[in-house]
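J.: Input: one structure, supplied below.
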Ligand code: C2E
Ligand code: CA
Ligand code: CA
Ligand code: CA
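Set out below in structure tokens:
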């Protein structure tokens, strides 16, 4: 038993060391990532379930680093938050998205709305609202073409500040989506306090929505809740035809997921936009 205990301990510290090395490597590489132009925004279509038309996209950040390879956002965004780098990255994403929307406008590709994920650290920053306004103005983009996705985690740090910032953004015409809805612990309280336009049903409820009675009940409840509050509702992580049919029949407004498309680099997404009919 003693041997096992020591082995476990050795194994544990080894893993801790690896974890710390890994974190330090990411931190070191993140520092220069913008300057080396290693980030790229991918766009995942958001489809109207009633008409099959593409209404917009969610912007999802990709990082390809020479040393570390491709690092998923779930891994590096929390570390960027920890290291105080998330504002710079968030501003880079917003500028890239607005530059891209401008290109689509110039090509006459219509009124696509792009939703950008906000990080927790971005609300601690007094300049976020001013930066969004300035960026929209700089690229000549209507606020209606920009959405922002927040989670409870995004706003938890300073909810009062976040409410004030989001109200100002909503006042200028930027729409706000509450992401990963139902996975936190106080979602209903947030609905009451925050100026939300869209609820996103989390993928964890969508996965088994056609086979699990509880997940189906939760999805249905979120759809009714959203509609009773005059909000739109998007299901995320939709992968099968059965899920599409289920959600469409129950009045879900939009869907997003691999069933229709994975997140695409700008050229591939542009090709989709050029097709007259999308679903
Ligand atoms: P999220 O905002 O919940 O984004 C949805 C995630 O689900 C994305 O993962 C997307 O690629 C993935 N997804 C979409 N449809 C499907 C599907 O049908 N099946 C499966 N299995 N997955 C699907 P991704 O791109 O790896 O992003 C992970 C998370 O990283 C995001 O979760 C978001 O929290 C964060 N993130 C990504 N880009 C940004 C960004 O620009 N800024 C901030 N602050 N966070 C970001
Ligand atoms: Ca999101
Ligand atoms: Ca989500
Ligand atoms: Ca999710």
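Residue numbers (the numbering used here): 1 to 279.
Even glycine gets a Cβ: it sits at the ideal position worked out from N, Cα and C.
Keep in mind that this is a model prediction, so the values were computed, not measured.
1. If we count Cβ pairs, one from each stretch, closer than 8 Å, do we get three or more for the region 129-136 versus the region 80-100?
2. Quick test of the definition: if touching needs 3 or more C-beta pairs under 8 Å, does the region 35-50 touch the region 19-27?
3. Name, in chain order, the residues that DSSP records as bridge partners for residue 63.
4. Can you tell me whether residue 280 is buried or exposed? The criterion is at least 16 other CB atoms within 10 Å of its CB, across all chains shown.
5. Anyone know if the C-beta pair for residue 79 and residue 26 falls short of 8 Å?
6. Based on the DSSP output, what are the partners of residue 114 in its beta bridges?
7. Near ligand 3, which residues have their beta-carbon closer than 6 Å to a heavy atom?
8. Is the Cβ-Cβ distance between residue 199 and residue 233 less than 8 Å?
9. Using CA coordinates, which residue listed in 272, 113, 206 is at the minimum distance from residue 55?
10. Is it buried or exposed for residue 107, if we count other Cβ within 10 angstroms and need 16 for buried?
11. Measure the alpha-carbon distance for residue 100 versus residue 139 and round it to whole angstroms.
12. Could you compute how far the alpha carbon of residue 224 sits from the alpha carbon of residue 231?
13. Would the region 207-224 count as touching the region 244-254 if we require 3 or more Cβ pairs under 8 Å?
14. Would you list the residues sitting across from residue 45 in a DSSP beta bridge?
15. Could you name the residues of the same chain whose beta carbon sits closer than 6 Å to that of residue 279, not counting the 5 residues immediately before and after it, in chain order?
16. So the alpha helix (DSSP H) residue 191 belongs to, where does it begin and stop?
17. Look up residue 129 in the DSSP assignment and say whether it is helix, strand or coil.
18. Over what stretch of residues does the alpha helix (DSSP H) that includes residue 85 continue unbroken?
19. Would you kindly work out how many angstroms separate the C-alpha atoms of residue 209 and residue 259, rounded to a whole number?
20. Could you say which of 271, 274, 257, 262 lies nearest to residue 49 if we only look at CA atoms?
21. Check each candidate in 150, 103, 183 and name the one with the smallest Cα separation from residue 169.
22. In the DSSP assignment, what are the bridge partners of residue 254?
23. Taking its Cβ as the centre, do 16 or more other Cβ atoms sit within 10 Å of residue 81, making it buried, or is it exposed?
24. For residue 119, which three-state DSSP category applies?
25. By the three-class DSSP mapping on this structure, what secondary structure does residue 279 have?
26. Flag this pair as yes or no: are the beta carbons of residue 120 and residue 84 separated by less than 8 Å?
T.: Let me lay it out:
1. The answer is yes - the region 80-100 touches the region 129-136, with three or more Cβ pairs under 8 Å.
2. Taking a cut-off of 8 Å for Cβ pairs, the region 35-50 and the region 19-27 do not touch, as fewer than three such pairs fall below it.
3. 39, 71
4. Coverage of the chain is limited to positions 1 through 279, which leaves residue 280 absent and any answer about it impossible.
5. Their beta carbons are under 8 Å apart, which means residue 79 touches residue 26 by this criterion.
6. 57, 146
7. 179, 180, 200, 236
8. A contact, by the Cβ cut-off of 8 Å.
9. Out of 272, 113, 206, 113 has the C-alpha closest to the C-alpha of residue 55.
10. exposed
11. 9 Å
12. 10 Å
13. yes
14. 57
15. Below a pLDDT of 50, predicted positions are generally treated as unreliable, and residue 279, at 49, falls in that range; no measurement from the model is reported.
16. Note, residue 191: alpha helix (DSSP H), 187-193.
17. helix
18. Residue 85 -> no alpha helix (DSSP H), and no H or E assigned at all.
19. 15 Å
20. Among 271, 274, 257, 262, the Cα nearest to that of residue 49 belongs to 257.
21. 150
22. 48, 234
23. With 16 or more other Cβ atoms from the protein chains shown falling within 10 Å of its own Cβ, residue 81 counts as buried.
24. coil
25. Since pLDDT at residue 279 reaches only 49, below the 50 mark, its modelled position is unreliable, and the value read off the structure follows with that caveat. In this structure, residue 279 counts as coil in the three-state DSSP scheme.
26. no
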